[in-house]
Each structure stands twice: as C-alpha cells, then as structure tokens.
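The structure under discussion appears below in the form of structure tokens.
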Amino acid sequence: MPETIPDNSVGIVVPQTLSFDQPLQLSCGRTLAKYELVYETYGTLNSDASNAILICHALSGNHHAAGYHSIDDKKPGWWDNYIGPGKPIDTNEFFVVSPNNLGGCHGSTGPASINPETGEYYGPDFPLVTTKDWMHSQARLADKLGIQQWAAVIGGSLGGMQAMQWAVDLPERIRHAVVIAAAPRLSAQNIAFNEVARQAIMSDSEFHAGHYLAKNTLPRTGVSLARMVGHITYLSDDAMGSKFGRELRTDSIKYDYDAQFQVESYLRYQGEVFSESFDANTYLLMTRALDYFDITEDYSGDLGAAMKQTQCKFLLVSFTTDWRFAPERSVEIVNALVEAGRDVGYAEIEASQGHDAFLLPIHRYQDLFSAYMINVAKEVSTT
Amino acid sequence: MRPDQTIIQQWINQNDRVLDLGCGDGSLLLQLKQQKDVYGLGIEIDQPEITECIRKGVNVVEQNLDHGLSNFKDNSFDTVIMSLALQAVRQPDQVLSEMLRIGKQVVVTFPNFGYWRCRLALAGKGTMPVSDFLPYTWYNTPNIHFCTIRDFEQLCKDKNYQILDHTVVDHDNQSSWWMRLYPNLLSEIAIYRLTR
Numbered sequence: 384m385p386e387t388i389p390d391n392s393v394g395i396v397v398p399q400t401l402s403f404d405q406p407l408q409l410s411c412g413r414t415l416a417k418y419e420l421v422y423e424t425y426g427t428l429n430s431d432a433s434n435a436i437l438i439c440h441a442l443s444g445n446h447h448a449a450g451y452h453s454i455d456d457k458k459p460g461w462w463d464n465y466i467g468p469g470k471p472i473d474t475n476e477f478f479v480v481s482p483n484n485l486g487g488c489h490g491s492t493g494p495a496s497i498n499p500e501t502g503e504y505y506g507p508d509f510p511l512v513t514t515k516d517w518m519h520s521q522a523r524l525a526d527k528l529g530i531q532q533w534a535a536v537i538g539g540s541l542g543g544m545q546a547m548q549w550a551v552d553l554p555e556r557i558r559h560a561v562v563i564a565a566a567p568r569l570s571a572q573n574i575a576f577n578e579v580a581r582q583a584i585m586s587d588s589e590f591h592a593g594h595y596l597a598k599n600t601l602p603r604t605g606v607s608l609a610r611m612v613g614h615i616t617y618l619s620d621d622a623m624g625s626k627f628g629r630e631l632r633t634d635s636i637k638y639d640y641d642a643q644f645q646v647e648s649y650l651r652y653q654g655e656v657f658s659e660s661f662d663a664n665t666y667l668l669m670t671r672a673l674d675y676f677d678i679t680e681d682y683s684g685d686l687g688a689a690m691k692q693t694q695c696k697f698l699l700v701s702f703t704t705d706w707r708f709a710p711e712r713s714v715e716i717v718n719a720l721v722e723a724g725r726d727v728g729y730a731e732i733e734a735s736q737g738h739d740a741f742l743l744p745i746h747r748y749q750d751l752f753s754a755y756m757i758n759v760a761k762e763v764s765t766t
Numbered sequence: 746m747r748p749d750q751t752i753i754q755q756w757i758n759q760n761d762r763v764l765d766l767g768c769g770d771g772s773l774l775l776q777l778k779q780q781k782d783v784y785g786l787g788i789e790i791d792q793p794e795i796t797e798c799i800r801k802g803v804n805v806v807e808q809n810l811d812h813g814l815s816n817f818k819d820n821s822f823d824t825v826i827m828s829l830a831l832q833a834v835r836q837p838d839q840v841l842s843e844m845l846r847i848g849k850q851v852v853v854t855f856p857n858f859g860y861w862r863c864r865l866a867l868a869g870k871g872t873m874p875v876s877d878f879l880p881y882t883w884y885n886t887p888n889i890h891f892c893t894i895r896d897f898e899q900l901c902k903d904k905n906y907q908i909l910d911h912t913v914v915d916h917d918n919q920s921s922w923w924m925r926l927y928p929n930l931l932s933e934i935a936i937y938r939l940t941r
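Chains A and B, in that order, give the protein sequences. Here the first sequence is numbered in my numbering, starting from 384 and rising by one per residue. Here the second sequence is numbered in my numbering, starting from 746 and rising by one per residue.
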C-alpha cells in the first residue's frame, strides 16, 4: 500500500455478497439449487442504470479488480491500472461491477464452499461450470442490481471469452464488448497446457480425489506445479529472458537439482504462494471451462454465424508477444465481425510481456482503451 | 469537406460497405458514415492514427497491407478505397488486384510523378523531387513505388481493369480545367475509379 491512496484509485472497497435461491440450470445438465456471488462495485449507478460495466475475470482472477481492501494492502486489485477515476474504465463515468465467478474460491460459491445439502465441502462434487453458466449467473446479478443492459462487458483472456459469450448469447443486454487477449476457442496446445496443470494437481498424493479439505490438507505440490506451467505460458521468451536470463542465485553452478537459476526460484516461489491461496478444485474447474469454451459451439463451428448473433460494438486488443492467445486468434474474431457487418476496432499492441501484458500499464493500450471508453460514456449520457 | 473526399463520396451509395486501406485518422470514413450511412472499415498500421479512428468511433483494424488482404472475401465490399498509399506498398499491382477482388469497385488516388515540378527537379536539378506535399528524401521515403498517370493507365490496360472515372487535383485538392487538359503534366494527384 502506498503511504496515501492515490487520487486515481477507487480507494478502499468493501466486497458485497448476494444470495440466489432460484435454481441455476447448468450446461452440464445439473442444477445448482442456491449459490452466492461475491462482487465489488466502483462508481455510481446512474438513474436509468445505463452506465453499468461488467468486468469478467480470467483463470485465477477474482472480484477484487480495483482499489484496496485495507490501508495495509500491499497491492491494489488486479486491474487497478485500468479501473479508477480518469482511467480507461473511468469510475467517474461508469458503475463498474466485478464479480467472482461461480466455482471460484474467493467468496462466490465453489468447490471450497460448504454444500448446504450435506453440510460438507462441495469439493469434487461441485458441478463443472462453463462460460455460459457464468454469463447466466452474471445476468441474474445484473437483474438484482437493476441493470437491464450493460454499457459494456469487458475482460481479458478467459474474461474476454465471457464478454464474447454475452455478445453472442444475450445480445440485447450489452452495448459494447471489449475482448482483450482472447480467442474464439482454445487450440490443442492451449488444452494440452491445461491438461498438464490438471495432471499435476490430480497426481498429488494430497489431492485425495478432490476431498483434500475434508482431510484437512492441500495438494500444494500439484497446484504449485500447475501454476508454474501456467505462469510460463503467460510470459514471453523475451520477458523471461530480460527478467532472469541465465542468472544464477549462487556464485557458480552446483551440479545438483536445487533452484540455482533465478527463473527456477521465481517459478517455485510463485507456485508456492499460489498453492496456499488458490483452491485446487477451482483450478481444475477454471481450466476445464477454458477447454470447453467455444463461441461457435451452437453454430456448427461457424464463427461468422456466431458473430451474426451479436448486436453490440466491439473493441478487440491483442499483444505482439502473447503466444497463449496470440494476435492471430483475435484476428479470427475480427474477421468474422467484419463479415457480419459489426462495428469493430482492433489493435495489436507492441508489448514484450506476453499474455500478461493485458494487466500491465502500457501507454498505447491505455490511450486506445480510453479513446474507446470515452465513446461508450458519451452514449450513456445521451441515453 | 476535402474536395477529393467530395469526389469519392459521389461514387458511394447509401448503406454501402466501404473498405478504406490506409485510412489514416478515419476522416473519410466518418464523413461517409455521416453522409451515406455506410458500413465503413479502415485498415491502418500507424498506431496514433488507429487510436484517432477509435476516438472518432470509426471502425478500424490494425493490419499491414504488405502482408496481404487474404482475410477479406471476394466481393465482400461495395467499394475499396486507397487514398495516397499505393506508392507506399511493396507490391502495388498485387494490392490493386486484391482490391478489385474484394470490392465491386475500387477508388484509388496516387501522387502523379509525371507532374511538371517532379520532372523539373529531375531534368533541371538532376535530383529526386522533394516538396511540401512529398517531403521525404530518397533514402527515407515511405513512398517506394512512384508512377505517373500514364504508367498507371498502362497497368490498368495490361491487367484489363476498367476505368469508370478519373480526375485530378492538386495538393490542396483543388481541380481546374487546365489540369484535366494535360493531367500527366499538370496535376499532382490522380483519382481513379476502377472495376474488373
């Protein structure tokens, strides 16, 4: 935490929770009888509820997108670079809603929650949820908040995929979609990386077929490995090279398998921290939701047909060194939107940081994002 | 409105799909959207120009014309425009052929290297022409494929492109009768409307 909260921060925020008692029918065929969603809001909802923006988080994200929970926080929310007064998602203009996804592990109902029917942890019994299920749960949240139509649904990576899902499946409830560093569906390579992560978790002896919480333990090694693999895919070769190179932690090589290279110790540290704070079953669920995501699934694989369902305007952004969801993947979406005659802006941002770039303050990205959002705000004030 | 834009606008129908290659700050597309309610899309590579298009609410896609236009389907646009960019692409003949594949009609404007000042610089001073309108020196110019009006028409003839209209303007986009009398000598910018 800085000495004082910066002027362009949303400041101290308090997460809120809403309970939903109406059963939610899920893609997998099961229903969730009741659930809770935790979310944060920034800014003020205007009188006709036309200035609301939904932020969708990525794989390991949560509802804490901006501001601080307490004066002692070391870091602000995960997208604080882009949400706040005067920032691209300007909280002077917009009412920003940022929920934790269903199946998450930061307060919304998920595998680490207690199943009210059994009084035990859901654990592996929590149903697999998909981007569509998330969309429907977010729509119910919107209903409760009195938001009929989002001014924009915005997200990066898996968050961008949710924004696309909204645009295609609930076209009348969204005026703009901002889809950052995303793809219309995962490639075999993407799924392969997710599978390595899942295998790492499931083969941990502490996993206990997903019932680790009941056994009062955590599959730390597995989750840590999963995070290490994931982390590699978020960074570019260049970013890793410039951050660590072949730098050693010791004076010379030691001819053993301890962490000697800086990159090793960095990854191990990231993995360890993550394994203490992130639920393993949620990680499995989130990666599976990614694997299953395919915006064309109801359109026989025809991306053009899917994009014809949309009514909103689009901004798409990709990053040059992102190899997880490379610029070409965004271009596929852009081409389909152009063919469908939708309004679209697309930029490929020069950035060395790989997939992670979507979280970072990059001058051109900020300018472009702001330029787009100013137009979104203009529509709000005239509606 | 700029006179060349007025000229181009008269060739665009209400609700047309218009692709502008090298759309710059998007002012032409904005104009066409306001006047003719077109579905416009700009292709641009310059970063600040892309942001400017977004600011104007003009559709824009970051794409390098030298990497091809294969992402656009045959006849997917009514008009494909390229304003003062043909001389800056690596393979103007291929770009032109792609434009005619994608668009039912093509509007292209280019600086005429047969303009008397260019000729004077070469013949008189023996140097490559440099002007306020084309301010670059030979080694740093983005304009790598200059042609004259006669050259361009020869290309159209060789490729069997049909010239539907053509006119000329100067760098202030003004046009006068004497320019149209000896266009290859007296005009700075040529505007052509083509079809296959």
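Just so you know, even glycine gets a beta-carbon here, dropped at the ideal spot from N, CA and C. Treat the numbers as computed from the prediction; the structure is a model and nothing was measured.
Query: Any chain A beta carbon closer than 7 angstroms to residue 980 of chain B; Result: Since the first residue of chain B shown is 746 and the last is 941, residue 980 of chain B is not available in this structure.
Query: Length of the line joining the Cα atoms of residue 636 of chain A and residue 448 of chain A; Result: 41 angstroms
Query: Residue 857 of chain B versus B/896, B/880, B/865 and B/851, residue with shortest Cα-Cα distance; Result: B/896
Query: For residue 512 of chain A, the three-state DSSP class (helix, strand or coil); Result: coil
Query: Integer-rounded CB distance, given that residue 567 of chain A should sit under 8 angstroms from residue 678 of chain A; Result: 5 angstroms
Query: CB contact check: residue 796 of chain B to chain A, cutoff 7 angstroms; Result: yes
Query: Cβ-based contacts, 9 angstroms cut-off: residues of the stretch 798-815 of chain B near chain A; Result: 798, 799, 800, 801, 802, 803, 804, 805, 806, 807 and 808
Query: Proximity winner among A/440, A/633, A/435 and A/669, relative to residue 526 of chain A (alpha-carbon distances); Result: A/435
Query: Cutoff 7 angstroms: residue 784 of chain B Cβ touching any chain A Cβ; Result: yes
Query: Partner residues on chain B for residue 552 of chain A, Cβ-Cβ distance less than 9 angstroms; Result: The contacting residues do not exist; residue 552 of chain A stays about 23 angstroms from chain B at best.
Query: Straight-line gap, residue 611 of chain A to residue 676 of chain A (C-alpha atoms, nearest Å); Result: 23 angstroms
Query: Interface residues of chain B facing residue 718 of chain A [CB-CB closer than 7 angstroms]; Result: 816
Query: Candidates A/421, A/726 and A/651: closest to residue 787 of chain B by CA position; Result: A/726
Query: Burial state of residue 738 of chain A (16 or more Cβ within 10 Å); Result: buried
Query: Short CB-CB distance (under 7 angstroms) between residue 792 of chain B and chain A; Result: yes
Query: Distance between beta carbons of residue 550 of chain A and residue 557 of chain A, contact taken as under 8 angstroms; Result: 6 angstroms
Query: Buried or exposed by the 16-neighbour rule on C-beta atoms within 10 Å, applied to residue 936 of chain B; Result: buried
Query: For residue 855 of chain B: DSSP bridge partner residues; Result: B/935
Query: Under 7 angstroms by beta carbon: chain B residues contacting residue 755 of chain A; Result: 799
Query: Alpha-carbon spacing of residue 682 of chain A relative to residue 539 of chain A, whole angstroms; Result: 23 angstroms
Query: Where residue 529 of chain A falls, given that 16 or more other Cβ within 10 Å makes a residue buried; Result: exposed
Query: Residue 919 of chain B versus residue 933 of chain B: straight-line alpha-carbon distance, rounded; Result: 10 angstroms
Query: Meets three-Cβ-pair contact criterion under 8 angstroms: the stretch 453-472 of chain A and the stretch 497-516 of chain A; Result: no
Query: CB contact flag (residue 480 of chain A, residue 442 of chain A, <7 angstroms); Result: no
Query: Contacts around residue 883 of chain B, its chain only, beta-carbon distance under 8 angstroms, and the 5 residues preceding and following it disregarded; Result: 873
Query: Selection from B/889, B/899, B/769 and B/762 that minimises the alpha carbon distance to residue 835 of chain B; Result: B/889
Query: Residue 451 of chain A to residue 938 of chain B span [Cα, whole Å]; Result: 59 angstroms
Query: Extent of the continuous alpha helix (DSSP H) to which residue 625 of chain A belongs; Result: 620-626
Query: Backbone CA spacing between residue 766 of chain A and residue 705 of chain A [nearest angstrom]; Result: At residue 766 of chain A the pLDDT is 49, less than 50, meaning the model places this residue with poor confidence and gives no usable figure here.
Query: According to DSSP, residues forming a beta bridge with residue 850 of chain B; Result: B/824
Query: DSSP state of residue 567 of chain A mapped onto helix, strand, coil; Result: coil
Query: At least three beta-carbon pairs within less than 8 angstroms, the stretch 412-428 of chain A to the stretch 476-490 of chain A; Result: yes
Query: Neighbour flag for residue 597 of chain A against chain E, beta carbons, 7 angstroms; Result: Among the protein chains in the structure shown, which are A and B, there is no chain E.
Query: Closer than 9 angstroms at the beta carbon, the chain B residues around residue 730 of chain A; Result: 792, 795, 796, 799, 805, 806 and 807
Query: Listed by chain order, chain B residues near residue 768 of chain A by CB distance under 9 angstroms; Result: This structure gives no information on residue 768 of chain A, because the portion of chain A shown stretches from 384 to 766.
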